[in-house]
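J.:
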Amino acid sequence: MNDNHPVLQSMRDDLQALETLYRHEPSEFNRYQLVRHEQRIAQWVSSELVGA
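When you line the sequence shown up against our numbering, it's residues 11 to 62, in that order.
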């Protein structure tokens with residue numbers, strides 16, 4: 011997969027924003043959002059690799 015893929019780049023930007031939010035405001039909700047987004051990225055990347 012291309013690291014410059016627009017969807018992947020957008021997901022990474024969102025991940026960075028969630029990491030920053032959790033760092034400044036640690037809470038269970040923010041942690042859940044961060045972990046869930048990491049899981050979405052992992053699912054999307056693996057499905058793209060399978061489809062390639």
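The beta carbon of each residue, even a glycine, is placed where N, CA and C say it ideally should be.
Specify the secondary structure class of residue 20 as computed by DSSP and reduced to three states.
T.: helix
J.: Can you tell me the Cβ-Cβ gap for residue 24 and residue 47, rounded? I've got them flagged as a contact below 8 Å.
T.: 6 Å
J.: Using DSSP with H/G/I as helix, E/B as strand and the rest coil, what is residue 58?
T.: helix
J.: Would the beta-carbon of residue 18 fall within 8 Å of that of residue 28?
T.: no
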